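Q: Sharing a structure below in structure tokens format, with a few things to ask.
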Amino acid sequence: MDPASLKGQRGLTMGYPPFLDTIKAHMKSGLISRENSVLVVVDYQDKLMPHIHGRDAILRKAALLLHTAGVLGIPVIATEQYPRGLGSTIAEISGLIPGFSPVEKTCFSCMGEPEFVRRFEALGRKQAVIIGVETHVCVAQTALDLAGRDISSFVAADACGSRREQDYTLGLRRMEGGGVIVSGAEGVVFEWLRHAGTEEFKKVSGLVKAEG
């Protein structure tokens with residue numbers, strides 16, 4: 577149905593229903609492309625991670641995505657929220673990012689930090705795969721801000737976390753309502769790959785099997 581045809585129907589005083597914007601955003605986004613995406617790694621920091629629900633499983637999924645990004649040449653931008661207070665990025669993450677140079681920020685959304693915006697825009701890409709903590713704060717605000725700038729935003733939910741499970745769930749719901757596509761790490765990996773039988777597939781599929 578054409579959204580315009582819904583105008584004027586009973587109860588639709590503001591044109592077509594808001595949920596159609598979300599549907600349209602999902603349709604526009606399509607598959608994640610290695611040539612057009614950036615992996616955004618948000619705030620896996622020393623003083624945050626010990627308190628994150630499901631920490632170990634989250635880090636395994638984040639490592640899978642970072643290893644795959646390295647194999648496929650997908651650019652990575654990492655951030656740290658107020659590192660003087662929350663510490664540096666944990667070694668399990670920073671060690672997987674060549675030339676690690678995080679963007680320091682105080683704004684919860686990465687898009688509120690000019691240096692992050694500069695790096696992201698310099699890449700000229702229109703998709704963002706976002707992982708990190710906390711799901712309901714910095715991850716959600718970043719994903720929603722990117723989506724609001726016409727960037728197709730994907731969140732790998734199993735590579736994200738919050739201190740409280742309820743906040744994690746509400747954060748995912750908030751993002752989905754704002755047009756962010758929620759997926760999983762393995763789903764992202766295979767969208768990046770697209771084909772079996774390549775040398776890249778052999779390298780990455782071994783990582784998937786090892787991750788379990």
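Each residue of the sequence shown is one higher than the last, beginning at 577 in this note's numbering.
All C-beta atoms, glycine included, are put in the ideal place defined by N, C-alpha and C.
Just so we're clear, the structure is a prediction, and the values are computed from it rather than from any experiment.
#1: Which same chain residues, not among the five before or five after Glu-710, have their C-beta less than 6 Å away from its C-beta?
#2: Assuming contact is defined by CB atoms lying nearer than 7 Å, are Leu-615 and Ala-645 in contact in what I supplied?
#3: When DSSP labels each residue in this structure, what does Phe-595 get in the three-state scheme?
#4: Is it right to say Arg-770 is buried, meaning 16 or more other beta carbons lie within 10 angstroms of its own, or is it exposed?
#5: Identify which residue in Tyr-658, Val-705, Ser-677 has its Cα closest to the Cα of Phe-684.
#6: Would you kindly work out how many angstroms separate the C-alpha atoms of Ser-781 and Phe-696, rounded to a whole number?
#7: Whole angstroms are fine: how far does the CA of Gln-742 sit from the CA of Ile-673?
#8: Where does Leu-699 land, buried or exposed, given buried means 16+ other C-beta within 10 angstroms?
#9: Could you check which residue in His-629, Ala-719, Gly-663 has the C-alpha nearest to that of Ala-732?
#10: Using the Cβ count rule (16 or more neighbours within 10 Å means buried), how would you classify Glu-656?
#11: In this structure, what does DSSP give as the bridge partners for Phe-777?
#12: As a quick exercise: from Arg-610, Ser-670, Gly-663, pick the residue whose alpha carbon is nearest that of Ala-638.
#13: Quick check on Cys-683: does DSSP put it in helix, strand or coil?
#14: Quick check on DSSP: helix, strand or coil for Ala-601?
#15: For Val-693, which residues of its own chain have a beta-carbon under 7 Å away from its beta-carbon, when the five flanking residues on both sides are left out?
#16: Please return the same chain residues whose Cβ sits closer than 7 Å to the Cβ of Arg-701, not counting the five positions on each side in sequence.
A: On the basis of the coordinates in this document:
#1: Here residue 710 is taken as the residue at index 134 of the sequence shown, counted from 1. So the qualifying residues of the chain are Ser-738.
#2: As a position in the sequence shown, residue 615 is number 39, starting the count at 1. As a position in the sequence shown, residue 645 is number 69, starting the count at 1. Closer than 7 Å, so yes.
#3: Within the sequence shown, numbered from 1, the residue matching residue 595 stands at position 19. Bear in mind that a pLDDT of 46 at Phe-595, under 50, signals an unreliable position, so the number given afterwards is only what the model happens to contain. Looking at Phe-595 - three-state DSSP - the assignment turns out to be helix.
#4: Indexing the sequence shown from 1 puts residue 770 at position 194. Arg-770 comes out exposed.
#5: In the sequence shown, residue 684 corresponds to position 108, counting from 1. For the residues Tyr-658, Val-705, Ser-677, the minimum Cα distance to Phe-684 belongs to Tyr-658.
#6: In the sequence shown, residue 781 corresponds to position 205, counting from 1. In the sequence shown, residue 696 corresponds to position 120, counting from 1. Cα to Cα, Ser-781 sits roughly 28 Å from Phe-696.
#7: Here residue 673 refers to the residue found at position 97 when the sequence shown is read from its first residue. Here residue 742 refers to the residue found at position 166 when the sequence shown is read from its first residue. Using only the alpha carbons, I get a separation of about 30 Å.
#8: Counting from 1 along the sequence shown, the entry for residue 699 is found at position 123. Per the 10 Å Cβ criterion, exposed.
#9: Counted from its first residue, the sequence shown places residue 732 at position 156. For the residues His-629, Ala-719, Gly-663, the minimum Cα distance to Ala-732 belongs to Ala-719.
#10: Here the question's residue 656 lines up with position 80 in the sequence shown. So Glu-656 counts as buried.
#11: Looking up residue 777 in the sequence shown gives position 201. Paired residue(s): none; Phe-777 is not in a bridge.
#12: In the sequence shown, the residue the question calls residue 638 occupies position 62. When only C-alpha atoms are compared, the closest one is Ser-670.
#13: On the sequence shown, position 107 is the one that residue 683 refers to. The answer is coil: DSSP assigns Cys-683 none of H, G, I, E or B.
#14: In the sequence shown, residue 601 corresponds to position 25, counting from 1. Reliability fails at Ala-601, whose pLDDT of 45 lies under 50, so the model's placement of it is uncertain and no value is given.
#15: Taking the first residue of the sequence shown as position 1, residue 693 is located at position 117. Result list for Val-693: Met-687, in chain order.
#16: Looking up residue 701 in the sequence shown gives position 125. Here the set comprises Asn-612, Ser-613, Val-614.
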